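Numbering-wise (full-length UniProt numbering), the sequence shown opens with residue 1 and increments by one. The beta carbon of each residue, even a glycine, is placed where N, CA and C say it ideally should be. None of these values were measured; they are calculated from a predicted model.
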Amino acid sequence: MHTKRPVTTSAPPSTPSPSLCLPAKANYDFPGNAISYVSSRQFKDCCAECTSTYGCNFYVWTDYNSGTGWLKSKQGSDKVLSFGSRAAFAPGGGVAPTCSPVEVNTDYAGVDIVGVAGPLDTCCDACKANYKCNAYSWFNGVCYLKGKRHGASPNSHVQTARVYKCAAPQVNTDYVGNDIGSVVAEAAEDCCAVCRSTAKCKAYSYAQGVCYLKSAKGVTKSNGGVTSASPTPLLAVDLRQTIKWFSSRHLFALMRRVDLSICDTTGSMGTYLPALKASLRQVFLVAKLLFHGRLMVHIVSYKDYCDANGLLSTVSRRTSRNDAIVKFVDDLKPTGGGDFPEAVKTALNHVIMTVDDIRSTVSATSRALVFLYTDAPPHHQTTRSNNQSREIEAIQDNPKYRGGHDWFQLQRTLQDLGIPVYTFHSPTRDYLSPSFYGAMGPTVILPQLSSTIITEATMGLLLQLMAQTFEVTIGSNFARSSFTHKGEPFDQSFSAQDETDIPPASSLVVTNETFVFAPLEWMKVDLNGLLPLFGRDADFRNLVMKTFEVIFRPENVLSVTYNPIFGKLWRLCCRQRLDPRLDDLTAKLSQCVPMLTGGAKVQVSEWLEESYNDSQRIRDAIANAAPLGPCFTLDIGHLSMSKASIRSLARAPQPGVLEGVQNILARLQYHQFPPAYSDKEDDDLTHLPLSLSNEDLFSFLPHLMFPGTTLSQRGAALVALVCCLSNHIHLINRAAEYLTLIQGTWLPFDYAVEFPEIFSAEFIQLLYRGQAYLTPFEQQVYRQLFVVHRLRLAATKDVDVVVGYTPQKDSLWPDRKARCHTCGYDTSLSLMVSPTLCAMCVTYGDDAPTLQANTVVSGNESHIVECHDCHGIYA
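What follows is the structure in structure tokens.
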């Protein structure tokens, strides 16, 4: 049975004008209440996005990732300073995702995303909450979420439905042009899923069984038989409030994973354990960031059956806090053991029992993997242990230990459960012990037992399982060891009836291969998703800050150098200049690096430099901006500017830096089409399309000289200002547009202490010259500051002064006089307090005439004197 075509609704209202959205205070973000986020080059575009998104009443635009609009259900009560951010209220509206009527006894073929346990009536909400989901099939208590409705076929006990996530269809309306492809579909509503899963598809028109996918809505025209619509952003509400069985962490990852780390703490691990403990602490910290809380760590510490103080000790993140796990690791001690082999089989059975318990009580779809740190083999007839029979008896007596005591039965049980095992073995002269673990899974024989080596090996494996790139650092000569027996692989694919068929170690050939591991599908994650999470999730932002606080120590800092995402997160932290924790973190890092030596110091320094590399952001922006049209290239020639100098532009626009910027601008070359040599995939992409937004264009200009280098909003604004002041032939108009757009948002006068650079002499001089692009208030500030700046410059200047004469009391000098109407004497104007009253009368009253009679000089001459205090001249 196939879905009946739903009744279409009337066309939605036309795109709202930005004037319908009321701006809120600039330079602030309002955390919380987020329902979605969209790529939006300019603030003005967010109005239409919000009003067309169901539940959106407020939005914030930031310059993150070349412009992002954060759509919110309401304005939050808290606000955080975020320079360049702009917010506005929008009239509520949008179209809610809708679920079609359920089709009974019908299944949709393939296109599965994930299975979510729950009754049928929860499938609709689960699909709405999953961005990739556009349909679902329900069977036996599980909602199978699907990318689209496809291949409907009869299937008993299966119930299905489409989930429509586009604007209301516009019937008899065609979107003209902008075609990027076409796909056959049964109904117009099926085009929605196809468009949402197709890169660059922003709209579609459906006619005669074909979806015509389009890069933009464009011009509309009346056309009978054609139905058109455009996708709307997903409503990603906090599902903790509406669907109890669906954790909020599913917004970042659909399923929780189980990570089981096993370490041997017997007496023979005396040199291994201290380094392992330091490594585990680092890995825990970093894994919290990488997995955003979805990695459930279990540690199983095992000894042997001769130990009276407990064979196994365990701790689990599912039942304990992170600090309890760290304490557990700190308390591990290398005691016990006795002989060479250890109770590894018991530990692996405990892992199997734990996974069985989780899958039966928590989540039937949970995943697990094992990291095994060891220096000894399991009990086996070839390893000659007195404790082998005791372990066999103990395993047989425990009905939950269904892996058994046979090595190959354990191998098969773990494989049936889908639990891969990865072993890190201590250095060894022979391969008896490592060969056992080769049959369980990939094995790494560590070259030495240091926390640096163990951490790098563990992080390298973890990152590769997540489908992340990893390069072994110079000097870390560890490898993946593979074993062969008579030319056949002796690994997890090796099958034997029981462990008595294990070939002797002397018959195995060992090959050290490149340290490369295949990713696990259920471990794959897009780490770039952590970057927007930093901006909108205060809890995650706090986690990042707290993690760096612990990691920025000489013994821990190398753990963040193995993936560039940590560098990007550190750059985001550096933008939080009003956060008092930033000063502490910066101080910790600056104190930490000098304490490192040799390769470690170089590694951290290179990581810091690479953290500035914005190549991927630049490539994404270029890919979305018609890269084959007109563009700029740079004739580098003899330019001698450094990366550090150009990055300092926003903080201190020194004359030398401004001169360097002007030289770069003078060497820009315009091309109608990109030169053939500039179409590359590596970091030396040497052209910038003119179709980039103004924000991106001025931010990316340094990339032409230093690949991957970008400027902050303030740096980009200063470059635009230089373009205006120098009347740049290609960029003056776009620079003026950009400065007008961000006017009033990029000069934080309210935070003079935190941002002193905007009051530096260099800033004042440049902004005074470019005050035409400032707000009236900013103009007034910089005019006054410019006057003060000039006065300060003049304070140290030598001034030629012509000094007047020095009067002598016994000499007569020409003078001008007026008659006082009170005493009747002609008095020097220097002693007249008004045109008709002299100072003698004011001071001495009735005695003035007598005093005047004794001192009067007739005519137009007087005895002139100088005051010792004020140096005034008077008679």
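Discussion item. Going by DSSP in three states, C99 sits in which element: helix, strand or coil?
Written reply: strand
Discussion item. Please state the DSSP three-state secondary structure of G218.
Written reply: coil
Worksheet item: Closer than 6 Å: is that where the CB of L295 sits relative to any heavy atom of the ligand COA?
Response: Ligands in the displayed structure: none, and consequently the ligand COA is not present.
Practice prompt. Out of S693, F786, Q448, N663, state which residue places its alpha-carbon closest to the alpha-carbon of S726.
Written response: N663
Worksheet item: In angstroms, rounded to a whole number, what distance separates the CA positions of F749 and L585?
Response: 25 Å
Practice prompt. Look at the alpha carbon of A666 and the alpha carbon of A625, and state the distance between them as a whole number of angstroms.
Written response: 24 Å
Practice prompt. Would you tell me roughly how many angstroms separate the C-alpha atoms of F483 and P447, rounded to the nearest one?
Written response: 17 Å
Worksheet item: Hey, does H871 have any beta-carbon neighbour from chain C nearer than 7 Å?
Response: In the displayed structure, chain C is absent; only one protein chain is listed.
Item to complete: Kindly indicate which three-state DSSP category N172 falls into: helix, strand or coil?
Response: strand
Worksheet item: Short check: CB of P554 to CB of L596, under 7 Å?
Response: yes
Discussion item. Do G770 and L697 have their beta-carbon atoms positioned less than 7 Å apart in this structure?
Written reply: no
Fill in: Which residues DSSP lists as bridging D826, in chain order
R819
Worksheet item: Under 7 Å between the Cβ atoms of N27 and T745?
Response: yes
Worksheet item: If we count the other Cβ atoms within 10 Å of its Cβ and call it buried at 16 or more, is T843 buried or exposed?
Response: exposed
Practice prompt. Drop a sphere of 10 angstroms on the beta-carbon of S699, count the other beta-carbons inside from all chains shown, and report buried for 16 or more, exposed for fewer.
Written response: buried
Discussion item. Can you find the residues in the same chain that come closer than 6 Å, C-beta to C-beta, to Y206, ignoring five residues on each side of it along the sequence?
Written reply: A188, C191, T227
Practice prompt. With N349 as the anchor, note down where its alpha helix (DSSP H) starts and where it stops.
Written response: 344-361
Practice prompt. Inspect the CB distances between the stretch 506-513 and the stretch 456-474 and report whether three or more fall short of 8 Å.
Written response: no
Worksheet item: Hey, how far is the Cα of R480 from the Cα of V444?
Response: 5 Å
Worksheet item: Taking Cβ to Cβ, would you say S153 is nearer than 7 Å to D121?
Response: no
Worksheet item: Which one or two residues does DSSP pair with R162 in a beta bridge?
Response: A135
Practice prompt. Identify whether D154 lies in helix, strand or coil by the three-state DSSP scheme.
Written response: For clarity, residue 154 is Pro in the given sequence; the question names Asp instead. Strand.
Discussion item. Within 8 Å, do at least three Cβ pairs link the stretch 32-40 to the stretch 62-82?
Written reply: yes
Item to complete: Could you please give the first and the last residue of the uninterrupted beta strand (DSSP E) stretch that includes C143?
Response: 142-146
Worksheet item: How is W746 classed by DSSP in three states: helix, strand or coil?
Response: coil
Worksheet item: When we look at the beta-carbon of H871 and count the other beta-carbons within 10 Å, is it buried (16 or more) or exposed?
Response: exposed
Discussion item. Using the Cβ count rule (16 or more neighbours within 10 Å means buried), how would you classify Q282?
Written reply: buried
Worksheet entry | Length-filtered (3 minimum) beta strand (DSSP E) runs lying within the stretch 595-636 | 631-634
Fill in: Residues bridged to K72 (per DSSP)
A34, F58
Worksheet item: Considering L508, what are the terminal residues of the beta strand (DSSP E) in which it resides?
Response: 508-513
Item to complete: Quick one: residues in its chain with C-beta nearer than 6 Å to the C-beta of I618, no 5 flanking neighbours on either side, listed in chain order?
Response: F700, H703
Discussion item. To test your reading of the DSSP string, which unbroken alpha helix (DSSP H) runs of 4 or more residues are found completely within the stretch 427-504?
Written reply: 432-438, 451-465
Worksheet item: Just the Cα atoms here: how many angstroms apart are Y612 and T709?
Response: 7 Å
Discussion item. At the level of alpha carbons, what is the spacing between S248 and F340?
Written reply: Residue confidence for S248 is low, a pLDDT of 26 falling below 50, so the modelled location carries little weight; the figure read from the coordinates is stated next. In a straight line, the C-alpha of S248 is about 47 Å away from that of F340.
Discussion item. Does A203 pass the burial test, meaning 16 or more other C-beta atoms within 10 Å, or should it be called exposed?
Written reply: buried
Fill in: Range of the contiguous beta strand (DSSP E) that encloses E861
861-863
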